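Colleague: Handing you this structure, nothing more for now.
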Amino acid sequence: LPNSDTLQTFYDDQVQSKLDEITNNREFVENFLDDLVDEMSLKQCINTDLLIGTCVSLANSGDFQSPHTFRFLIPLSPPEPYKFQIDVENENKSFTHVGVKIESNDCSNSAQQKCACCCHDCDDDDDTLCLLSTHNSPFMDKGANGCSLTADESLYNTRTNRLIAGKALLWFASLITQGWKNIARKYDFDLSLRDIHSPCALKMSFKSGRKVFFDAIPAIRYNDSEIYLVPNIYSEIAIDFPQLHWSPTFLKCEEVYMKYLIKRLPTDLGHLQSLNMLSYLIEQQRLNTAHRSFQQEAGLKLFHLRTALLHILADNSLTPENSGMEHLREHLSNLLCLLKRCLEIRHLSHAIVGSAEASKCLRIPEVYCDGPSPNVFGRLLIGDHVFQQTRTLFQELMNKLSLIVPEEHSNVPKEYHCMLPAMTWII
């Protein structure tokens, strides 16, 4: 690798400006989404509708692989006196299949036991009719206008009382459409769906031709933790299943965990710089290899890089003396070495699930503290050719890293660089 000074100059010249652009775009989208969510909430009936909470921004710092795509969680909760009961089905599913059941806070234990029938273990799409259990759910059977809902209209399975992910997703998308119609006049861009298979994947189109993408995802907070349940198409660890279901996302939890680990080190550390730089370089590689026949799913994503960095930061052998920006070369080398080793063994453990270190500082449900940690390479391993292409891309990136050198001005003292034209870099 080039020395730390060269890497730092490259970071200042190439990476930092992109980071500033990402930050500005994220703040713009977040302000707009706050306005949209407020409008959506005005149209709700607090006695019969799911309640919409304040949007939760997921950190996109360094996500150069999608510089204008941002992800936000919109928490959902039932009205009083109801609550969500979370059931994690961890048998052979790597903790990614979660049931969300509605129940009343004032429901007695005996009443709940009466509902403990085997029919509740059936899939939500099962047409089995149980003649033993009764399902009293006045909240779930009423629409916003107070009229009774049919089984097709209800967001819940009338037999199991479970919230159906697919229906909740479409219901939420319809609220977005209604909310946007009421506030569209205030903005100078068009809002549209960018993916017909993803109802909450939205696109801002400006008259200048500029486009900004973001995901507004309905989510259910797992008790008091920073873990949220989302439709599995938006979960970073869920393997594809034939049908939509609720699956956890740990991105907000990882953001909190990252801040906790960083507090143990000096403020002028270079670990985040190594993460941002590597993410930037991977995006440059993707642009340069767009003409080649690589699968769209191939290649490491920011989620993989961030997971590897969390493992490094959680290493108790890491000391403040070797954490500063003057060790940028060492930080980048450590990150690359860990990723290389994980690609060789086809396994990168999740940074939160099954981590004793994470459970010390985060409120993590017990089911995610015990047992094996899932492999975050899961989706890359679905097809062997995708994983082999990921390995090939990573090896090519490793080979090119030594070429990060300025093409000109290399003999000019650094204090005079501001007086010269911008350097071009060989990558």
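Taking our numbering as reference, the numbering of the sequence shown is continuous, increasing by one, and the terminal residue is 439.
For glycine and all other residues, C-beta sits at the position ideal for the given N, C-alpha and C.
Quantities reported herein were computed from a predicted structural model and do not represent experimental measurements.
Once you ignore the five residues that flank PHE225 on each side, which residues in its own chain have a CB closer than 8 Å to its CB?
Modeller: Residue 225 sits at position 213 when you count from the first residue of the sequence shown. Around PHE225: SER78, HIS80, THR81, PHE82, ARG206, ALA213, LEU214, LYS215 and MET216.
Colleague: By a C-beta neighbour count over all protein chains shown, 10 Å radius and 16 as the cutoff for buried, is LYS275 buried or exposed?
Modeller: To locate residue 275, count along the sequence shown from 1; it is residue 263. Exposed, by the Cβ-count rule.
Colleague: Do you know offhand how far CYS67's Cα is from ASP99's?
Modeller: By 1-based counting over the sequence shown, the position of residue 67 is 55. By 1-based counting over the sequence shown, the position of residue 99 is 87. Going from the Cα of CYS67 to the Cα of ASP99 covers about 24 Å.
Colleague: Does the distance from the CB of GLN307 to the CB of GLN401 come in under 8 Å?
Modeller: Numbered from its first residue, the sequence shown carries residue 307 at position 295. Numbered from its first residue, the sequence shown carries residue 401 at position 389. In contact: GLN307 and GLN401 (Cβ atoms closer than 8 Å).
Colleague: When the Cα atoms are used, what is the spatial distance from GLN97 to LEU85?
Modeller: Within the sequence shown, residue 97 is the residue found at index 85, counting from 1. Within the sequence shown, residue 85 is the residue found at index 73, counting from 1. Near 19 Å, if we compare the C-alpha coordinates of LEU85 and GLN97.
Colleague: Does LEU92 come out as helix, strand or coil in the three-state DSSP assignment?
Modeller: The residue labelled residue 92 in the question sits at position 80 within the sequence shown. Per the sequence shown, residue 92 should be read as Glu rather than Leu. Residue state, collapsed to three classes: coil.
Colleague: What does the alpha-carbon distance come out to for the pair VAL27 and SER286?
Modeller: The count along the sequence shown starts at 1 and reaches residue 27 at position 15. The count along the sequence shown starts at 1 and reaches residue 286 at position 274. Approximately 11 Å, taken between the alpha carbons.
Colleague: Could you tell me if ILE114 is buried or exposed, where buried requires 16 or more neighbouring beta carbons within 10 angstroms of its beta carbon?
Modeller: As a working note, residue 114 is residue 102 in the sequence shown. It counts as buried.
Colleague: Buried or exposed, going by whether 16 or more other CB atoms sit within 10 Å of the CB of LEU415?
Modeller: For this step, residue 415 is matched to residue 403 along the sequence shown. Exposed, because fewer than 16 other Cβ atoms sit within 10 Å of the Cβ of LEU415.
Colleague: Considering only the alpha carbon of each residue, which of SER210, PHE76 and HIS323 lies closest to GLU295?
Modeller: Walking along the sequence shown from the start, residue 295 turns up at place 283. For the residues SER210, PHE76 and HIS323, the minimum Cα distance to GLU295 belongs to PHE76.
Colleague: For PRO211, list the residues DSSP reports as bridge partners.
Modeller: Within the sequence shown, residue 211 is the residue found at index 199, counting from 1. In the DSSP output, where bridge partners are listed per residue, PRO211 has none listed.
Colleague: Who are the Cβ neighbours of ALA185 in its own chain at under 7 Å, not counting the five residues just before and after it?
Modeller: Reading the sequence shown from its first residue, position 173 is the one you call residue 185. Here the set comprises PRO211 and CYS212.
Colleague: Return the first residue and the last residue of the alpha helix (DSSP H) that SER53 is part of.
Modeller: Position 41 of the sequence shown, counted from the first residue, corresponds to residue 53. It spans 28 to 54 - the alpha helix (DSSP H) in which SER53 sits, taken as one unbroken run.
Colleague: Can we say the segment 17 to 32 touches the segment 338 to 345, given the rule of at least three CB pairs closer than 8 Å?
Modeller: Cβ pair count under 8 Å is three or more, so yes.
Colleague: Would you give the residue range spanned by the beta strand (DSSP E) that VAL388 belongs to?
Modeller: Along the sequence shown, read from residue 1 onward, the residue named residue 388 stands at position 376. Careful: VAL388 lies outside any beta strand (DSSP E) and carries neither H nor E.
Colleague: Could you give the uninterrupted runs of the alpha helix (DSSP H) lying entirely in the segment 279 to 320, keeping only those of 4 residues or more?
Modeller: Within the segment 279 to 320, the complete alpha helix (DSSP H) runs of at least 4 residues are 283 to 300.
Colleague: Given a cut-off of 8 Å on the beta-carbon distance, is the pair GLY191 and GLU51 in contact?
Modeller: On the sequence shown, residue 191 is found 179 positions in, with the first residue counted as 1. On the sequence shown, residue 51 is found 39 positions in, with the first residue counted as 1. Yes. Within cutoff.
Colleague: Might you give, ordered along the chain, the residues of its own chain that have their beta carbon closer than 7 Å to the beta carbon of SER345, omitting 5 neighbours on each side?
Modeller: If you number the sequence shown from 1, residue 345 lands on position 333. Closer than 7 Å at the Cβ level, and outside the excluded window around SER345, lie LEU13.
Colleague: Mind checking who LEU63 pairs with in its DSSP beta bridge?
Modeller: Against the sequence shown, residue 63 aligns to sequence position 51. SER89, per the DSSP bridge assignment.
Colleague: So what's PRO109 in DSSP terms, helix, strand or just coil?
Modeller: Mapped onto the sequence shown, residue 109 falls at position 97. At residue 109 the sequence reads His, which differs from the Pro that was named. It is a strand residue.
Colleague: Within a Cβ cutoff of 6 Å, which residues of the same chain sit near GLN297, ignoring the five residues on either side of it in sequence?
Modeller: Sequence index remark: in the sequence shown, residue 297 carries index 285 (1-based). For GLN297, where only same-chain residues beyond five positions count, the Cβ hits under 6 Å are LEU409.
Colleague: Considering only C-alpha positions, which residue in the set LYS412, SER367, PRO384 and LEU317 is nearest to LEU351?
Modeller: Taking the sequence shown and counting its residues from 1, one reaches residue 351 at position 339. LEU351 has its Cα closest to that of LEU317, out of LYS412, SER367, PRO384 and LEU317.
Colleague: Ignore the nearest five residues each way along the sequence and tell me which others in LYS264's own chain have a CB closer than 8 Å to its CB.
Modeller: Within the sequence shown, residue 264 is the residue found at index 252, counting from 1. Correct list, in chain order: VAL68, LEU70, LEU85, GLU238, ILE239 and TYR240.
Colleague: What span of residues does the beta strand (DSSP E) with PHE201 cover, start to end?
Modeller: Translated into the one-based positions of the sequence shown, residue 201 becomes position 189. Start and end: 201 to 205.
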